[in-house]
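First comes the structure, then the notes that go with it.
2 protein chains.
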Amino acid sequence: MPERVELAQNAAGRSVPTMVNGKPQIPYIGVGKYQPRGRKQAPPIRSNKDYPDSGDKRVPDLETALRNCGLHDGMVISNHHHLRDGDRVALMMLEAAARIGVKDLMWFPSASFPSQQSAIALMERGVIHHIEGSMNGPLGDYCTQGKMRGMGVLRSHGGRWQAIQDGEVHIDIAVIAAPTADTFGDADGSHGKSACGSLGFALADSMYADHVIVVTDNLVPFPCIPWQIQGNNVDAVVEVESIGDPAKIVSGTTQITRSPDRLRIAEFVARFLRDAGIMKNGFSFQAGAGGIALAFVDYLRRMMKEDGVKARFVRGGSTKYLVDLLQEGLTDYILDGQTFDLDAVKSIAGDPRHVPTSPFTSYNYHGKGSFASMVDAVVLGATEVDVNFNGNVVTHSDGRLLHGIGGWQNCLAAGCTILAVPSFRDRIPVIVDEVTTLTGPGELIDVVVTERGIAINPLRKDLLDAVKGSKLPIRPIQDIKAEVERICGGKPTRPKLGDRPVAVVKWVDGTVLDTVWQVSA
Amino acid sequence: MPERVELAQNAAGRSVPTMVNGKPQIPYIGVGKYQPRGRKQAPPIRSNKDYPDSGDKRVPDLETALRNCGLHDGMVISNHHHLRDGDRVALMMLEAAARIGVKDLMWFPSASFPSQQSAIALMERGVIHHIEGSMNGPLGDYCTQGKMRGMGVLRSHGGRWQAIQDGEVHIDIAVIAAPTADTFGDADGSHGKSACGSLGFALADSMYADHVIVVTDNLVPFPCIPWQIQGNNVDAVVEVESIGDPAKIVSGTTQITRSPDRLRIAEFVARFLRDAGIMKNGFSFQAGAGGIALAFVDYLRRMMKEDGVKARFVRGGSTKYLVDLLQEGLTDYILDGQTFDLDAVKSIAGDPRHVPTSPFTSYNYHGKGSFASMVDAVVLGATEVDVNFNGNVVTHSDGRLLHGIGGWQNCLAAGCTILAVPSFRDRIPVIVDEVTTLTGPGELIDVVVTERGIAINPLRKDLLDAVKGSKLPIRPIQDIKAEVERICGGKPTRPKLGDRPVAVVKWVDGTVLDTVWQVSA
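Protein sequence lines correspond, in order, to chains A and B.
All residue numbers for the first sequence refer to the numbering used here, where the first residue is 10 and numbers rise by one.
All residue numbers for the second sequence refer to the numbering used here, where the first residue is 10 and numbers rise by one.
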């Protein structure tokens, strides 16, 4: 609760706590500056003698599995979020823990969702001490109000892998929702009634946790093929009626935006890639699943066809629109981190060119390179971007924490990072003097595309040169900002932030990039 | 060299050194008795900042790569043996090390082969101090003659993973021959002119070594799909003209035995599986690539068809004969540890039901179970088996070390372990009073099948009962032995063993099962 927290100013000029949840922190020292030392973490050595020869690790229910794994007060328990807002397993786990009677757990999901807001009651009852992981919606709001006992720690997908691998977070028990699994614990996300595609977010948990429990609603005879999670890392398998609500796991309704402004943004982005010479044979790009991103992919697809250009690979979050590219021969591969709609799930289940990836291969900054920096262009969103091209994706301008980082920070390593954002939302400008919460340093953000024009980071002279002579509305970011402020009647109102940190934003190397401050409800 | 070595008697009554290559050893204490403690090993934490953003890790040659990885005296350097007797990369690596001028390396291949016998010259010159790993043929012979400076350490495939994982062997630099790779280091064994199928033996090296170098003769643009080896673990990529001799990588001529005696053995084994009720819907088996094993698969295939029986999975070493089962719908899956012929390479490259495995999934005894114990029946060879069903696969009755263990020890965990052996070879009986070198404890060996009859381990009353009334020639092992000794004119001559240990045989849990003693040439 209101303990005194020492603060330090980091290299981005942000004031950050030097201690978070009892652990000393390193303030951010700049992009590519922090030098990690030592060896990766590793789980305990086990012996086959303590596991059934038959390979059958089933136990009757999750409560039994948690007891067998020695669940006790203060442990760290984790889940993945591939089932998104349809997930039932995380709450099943937390409620089983509550029945067992343990207290002060640290819940470590790869992300939490509005459907899991009953976790708030478990925090009030003392079962959960705090959450480290993305908090989308109500849980983020609860945290911003200063009601959580510990501090929230926001990490990117790659940062979560880095934190586990480097030993910053030690998972005692991982509970993995599996759309298909065998009794040995081999698990696959791309088949079964609750199919969600890739299970990459659970991979670190399966490899590093002391104990691993697989929960499935589609048990198949050994071997479960493909095995995205290896049973050799799994202690127990629990069969349940349902791991999630398929309608919310994949929406099936991921739609291209119909807003003329947003379509304009999407078209600008596609044209920018073409006119800057990035769209060429063998290139690669990544775009998410928002309405603008989908529209962008559709525009780009048409331009690629017109110009006879083929990508070597595209990165998901995958949707129907990426699958179309694959099937039309416009890309050799989809390298997929998460699978968003039914077309994408079907594709990853059956097409060997649609390849599941993990935060290790894609994003882990503390590896021997990662895919992120090999992507030619990435198209991202943001809640705010400032005149120095710094980006915010976690808080709104009112200071409320409502979103996770996802792979956003990791993607900034791409050859050309584009923020595709409307210039204002609900009459609040998106381009600001200084972002409320720094999530990505401006030196890594190359282009801001709005419906009113395209701003190129002055650091990227090469890009400014590349589009010289193009018909695109290239403008200084200050110009766009001024125009938007005229329309909206001024800058956004600054939030009344308290002086109590309620969460921190980690950078991809584990250092502390910024602080989320308490906001009174 | 002739240092004094302390010996201890282990639980199998074998005299074993308590110190091997400067490291204290635990004598074998029985099957399923040793309790490992502590955590697994892990490689150093790296940072993307120290690797090229483009992902291109190519260096001009292997010598440069080894220098960049800081190769120096006394290091441990490793290779895999999926290219078998056709491999060119291991010698390329050792010769590059010799040119650099380092001394006293420990060479840690997953197995060494006759074509690598020039490693003997490198031992004589002091470049290699000793070899830990299977030594097939001349290198084993060299070791047995006491000429190697350090002791040989023989481990099973699973035992090699266990030793790396548990920190008994720390690999400084792994050099991985890759039939296909991209510039980032992602590597695949199933495509390219030097295709060898699975790369599972190199997986531990790629995950645990401090430095990893991929050597390929088929560089493809990123991403190399599938990636059996992940570039995120790789430091450098070297392109060479040829990683091996395709004719010796896969023989293309793996043939069923034509010997009437051996065909008889193969048929007995198949009939045994049928009559004992092991061959039933959903069952599983593993057989290697020897002439008897191949003939066995062919007999079994016919019986399966006759009886309308389908296996759930079969385990390779894969060959045409297993691929036939898959293609005829007689098994759902091949779980493949190594790929022996061209038909199998083609199958694993294109059929998602033909799945590459690793020693981690298949064999590692210090995991949360492994596939080995889930296999219903395994058919193995042996150089000797004794009246207590103990098996030997590494030495001949003359005491010479000529073979590695392969997955043999690990396979003993199967539901029914069958040694299919001729009762004598070159007029030397195979069934003996006591095996020269204990490689597998008799309590794990269930059935010995020879052309003169089938001996069932008295511990397996269930199997004795199961085949009661069958027409199979079930006989006590002593009876078969006595008959063979009459034919061969007595027991094998006991070798004149020295009192100097030249190698040890590890058990699957890392304890020392037996010793190989110096034999004068």
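Note that CB positions come from ideal geometry on N, CA and C, so glycine has one too.
Owing to the predicted nature of the structure, the values given are computational and were not obtained by experimental measurement.
Output yes if chain A places a C-beta closer than 8 Å to the C-beta of Gly155 (chain B); else output no.
Within the second sequence, numbered from 1, the residue matching residue 155 (chain B) stands at position 146. Interface residue (Cβ-Cβ distance to chain A less than 8 Å): Gly155 (chain B) is not classified as such.
Determine the contact status of Ala353 (chain B) and Gly206 (chain B), defining contact as a CB-CB distance below 8 Å.
Here residue 353 (chain B) refers to the residue found at position 344 of the second sequence. Here residue 206 (chain B) refers to the residue found at position 197 of the second sequence. The answer is yes: Cβ separation under 8 Å.
Can you tell me whether DSSP reads Leu100 (chain A) as helix, strand or coil?
Translated into the one-based positions of the first sequence, residue 100 (chain A) becomes position 91. Helix, per DSSP.
What residues from chain B crowd round Asp58 (chain A), counting only those whose CB sits closer than 7 Å?
As a working mapping, residue 58 (chain A) is identified with position 49 in the first sequence. The question names Asp, but residue 58 (chain A) is Lys in the sequence shown. For Lys58 (chain A), the neighbours in chain B by C-beta distance under 7 Å run, in chain order, Gly41.
Check for me: the alpha helix (DSSP H) holding Phe369 (chain A) runs from which residue to which?
Start at 1 with the first residue of the first sequence, and residue 369 (chain A) comes out as number 360. That run of the alpha helix (DSSP H) goes Pro368 to Ser371.
Based on DSSP bridge pairs, tell me the residues matched to Asp523 (chain B).
Translated into the one-based positions of the second sequence, residue 523 (chain B) becomes position 514. By DSSP's assignment, Asp523 (chain B) forms a beta bridge with B:Val514.
Contact set between Lys49 (chain B) and chain A, taken where Cβ atoms lie within less than 7 Å:
Locating residue 49 (chain B) in the second sequence gives position 40, where the first residue counts as 1. Contact note: Lys49 (chain B) reaches chain A through Ala51, Pro52 and Ile54, using a C-beta cutoff of 7 Å and chain order.
Reduced DSSP secondary structure (H/G/I, E/B, other) of Trp116 (chain B)
Indexing the second sequence from 1 puts residue 116 (chain B) at position 107. Under the three-state reduction of DSSP, Trp116 (chain B) is assigned to strand.
If we count the other Cβ atoms within 10 Å of its Cβ and call it buried at 16 or more, is Asn290 (chain A) buried or exposed?
Sequence index remark: in the first sequence, residue 290 (chain A) carries index 281 (1-based). Exposed, by the Cβ-count rule.
Helix, strand or coil at Thr263 (chain B) according to DSSP, with G and I counted as helix:
One-based indexing of the second sequence puts residue 263 (chain B) at position 254. The answer is coil: DSSP assigns Thr263 (chain B) none of H, G, I, E or B.
Please tell me whether Thr370 (chain A) has its Cβ less than 8 Å away from any Cβ of chain B.
One-based indexing of the first sequence puts residue 370 (chain A) at position 361. The Cβ of Thr370 (chain A) sits closer than 8 Å to at least one Cβ of chain B.
Beta carbon of Ser479 (chain B), beta carbon of Asp316 (chain B): below 8 Å?
By 1-based counting over the second sequence, the position of residue 479 (chain B) is 470. By 1-based counting over the second sequence, the position of residue 316 (chain B) is 307. Not in contact: Ser479 (chain B) and Asp316 (chain B) (Cβ atoms no closer than 8 Å).
Can you list, in chain order, the stretches of the alpha helix (DSSP H) that have 4 or more residues and sit fully within the region 285-368 of chain B?
Segments of the alpha helix (DSSP H) lying fully in the region 285-368 of chain B: 300-316, 329-336 and 351-359.
According to DSSP, is Pro123 (chain B) helix, strand or coil?
For the purposes of this step, residue 123 (chain B) is taken as the residue at position 114 of the second sequence. Pro123 (chain B) falls in the helix class under three-state DSSP.
Three-state secondary structure assigned by DSSP to Met84 (chain A)
For the purposes of this step, residue 84 (chain A) is identified with residue 75 of the first sequence, where counting begins at 1. Looking at Met84 (chain A) - three-state DSSP - the assignment turns out to be coil, as it is neither helix nor strand.
Mind checking the region 222-246 of chain A against chain B and listing, in chain order, the residues whose C-beta falls within less than 9 Å of any C-beta there?
Within the region 222-246 of chain A, the residues whose Cβ lies closer than 9 Å to some Cβ of chain B are Pro230, Phe231, Pro232, Ile234, Pro235, Trp236, Gln239, Gly240, Asn241, Asn242, Val243 and Asp244, listed in chain order.
Using a Cβ distance threshold of 8 Å, determine whether the region 20-30 of chain B contacts the region 171-178 of chain B, with at least three qualifying pairs required.
With contact defined as three or more Cβ pairs closer than 8 Å, the region 20-30 of chain B and the region 171-178 of chain B are not in contact.
Given a limit of 8 Å on CB to CB distance, which residues of the region 344-372 of chain B reach chain A?
Listed in sequence order: Leu344, Pro361, Arg362, Val364, Phe369 and Thr370.
In chain order, what residues of the same chain lie with their CB nearer than 6 Å to the CB of Pro69 (chain A), ignoring the 5 residues before and after it?
Taking the first sequence and counting its residues from 1, the one referred to as residue 69 (chain A) is at position 60. Here the set comprises nothing.
Check the Cβ-Cβ distances between Trp516 (chain B) and every residue of chain A, and say whether any is below 8 Å.
Translated into the one-based positions of the second sequence, residue 516 (chain B) becomes position 507. Not one chain A Cβ lies under 8 Å of Trp516 (chain B).
Have a look at Met45 (chain A) and Pro53 (chain B) and give me their C-alpha separation to the nearest angstrom.
Along the first sequence, one-based indexing puts residue 45 (chain A) at 36. Along the second sequence, one-based indexing puts residue 53 (chain B) at 44. Checking the sequence shown, residue 45 (chain A) turns out to be Pro, not Met. In this structure, the CA atom of Pro45 (chain A) is about 9 Å from the CA atom of Pro53 (chain B).
Give the DSSP-derived three-state secondary structure of Gln18 (chain A) in the structure shown.
The count along the first sequence starts at 1 and reaches residue 18 (chain A) at position 9. Looking at Gln18 (chain A) - three-state DSSP - the assignment turns out to be strand.
Around the Cβ of Glu250 (chain B), are there at least 16 other Cβ atoms within 10 angstroms (buried) or fewer (exposed)?
The residue given as residue 250 (chain B) occupies position 241 in the second sequence. Exposed is the call here.
Taking three-plus beta-carbon pairs below 8 Å as touching, is the region 221-230 of chain B in contact with the region 186-203 of chain B?
A contact exists between the region 221-230 of chain B and the region 186-203 of chain B.
Distance, Cα to Cα, Ser432 (chain A) vs Asp307 (chain A)?
One-based indexing of the first sequence puts residue 432 (chain A) at position 423. One-based indexing of the first sequence puts residue 307 (chain A) at position 298. When the Cα atoms are used, Ser432 (chain A) and Asp307 (chain A) turn out to be separated by approximately 22 Å.
With a cut-off of 8 Å on the beta carbons, I'd call Asp385 (chain B) and Ile287 (chain B) a contact; round off their distance for me.
By one-based count along the second sequence, residue 385 (chain B) stands at place 376. By one-based count along the second sequence, residue 287 (chain B) stands at place 278. The beta-carbon distance between Asp385 (chain B) and Ile287 (chain B), rounded to whole angstroms, is 5 Å. This is short enough to meet the 8 Å contact definition.
Hey, which unbroken runs of the alpha helix (DSSP H) at 4 residues or more fall wholly within the region 188-221 of chain A?
Counting whole runs of 4 or more residues, the region 188-221 of chain A contains the alpha helix (DSSP H) stretches 212-217.
Quick test of your reading: Leu131 (chain B) and Ala107 (chain B), contact by CB under 8 Å. State the CB separation rounded to the nearest angstrom.
Counting from 1 along the second sequence, the entry for residue 131 (chain B) is found at position 122. Counting from 1 along the second sequence, the entry for residue 107 (chain B) is found at position 98. About 6 Å separates the two Cβ atoms, so the contact holds.
For Met157 (chain A), the three-state DSSP class (helix, strand or coil):
Taking the first residue of the first sequence as 1, we reach residue 157 (chain A) at position 148. Here Met157 (chain A) sits in coil by DSSP.
Locate the alpha helix (DSSP H) running through Glu72 (chain B), then write down its first and last residues.
Indexing the second sequence from 1 puts residue 72 (chain B) at position 63. Its alpha helix (DSSP H) spans residues Leu71 to Asn77.
From the DSSP output, in three-state form, read off Val29 (chain B) for me.
Against the second sequence, residue 29 (chain B) aligns to sequence position 20. It is a strand residue.
Boundaries of the alpha helix (DSSP H) in which Ile180 (chain A) is found, first to last residue
On the first sequence, residue 180 (chain A) is found 171 positions in, with the first residue counted as 1. According to the DSSP assignment, Ile180 (chain A) belongs to no alpha helix (DSSP H), since it is labelled neither H nor E.
Tell whether a beta-carbon distance below 8 Å holds between Val528 (chain B) and Pro504 (chain B).
On the second sequence, residue 528 (chain B) is found 519 positions in, with the first residue counted as 1. On the second sequence, residue 504 (chain B) is found 495 positions in, with the first residue counted as 1. For Val528 (chain B) and Pro504 (chain B), yes; Cβs fall inside 8 Å.
Where Gly64 (chain A) meets chain B, residues with beta-carbon distance less than 9 Å
Mapped onto the first sequence, residue 64 (chain A) falls at position 55. Residues of chain B whose Cβ lies closer than 9 Å to the Cβ of Gly64 (chain A) are, in chain order, Gly378, Ser379, Phe380, Ser382 and Met383.
Only counting the same chain, and skipping five residues up and downstream in sequence, which positions put a Cβ closer than 6 Å to that of Ile274 (chain B)?
Taking the first residue of the second sequence as 1, we reach residue 274 (chain B) at position 265. Shown here for Ile274 (chain B): same chain residues with a beta carbon closer than 6 Å to its own, the five before and five after excluded, namely Ile301, Ala429, Val458 and Glu460 in chain order.
Ordered along the chain, which non-local residues of its own chain (more than five positions away) have a Cβ less than 6 Å from that of Pro11 (chain B)?
In the second sequence, residue 11 (chain B) corresponds to position 2, counting from 1. Note that Pro11 (chain B) has pLDDT 48, beneath the 50 cutoff, so the model's placement of it is unreliable and no number is given.
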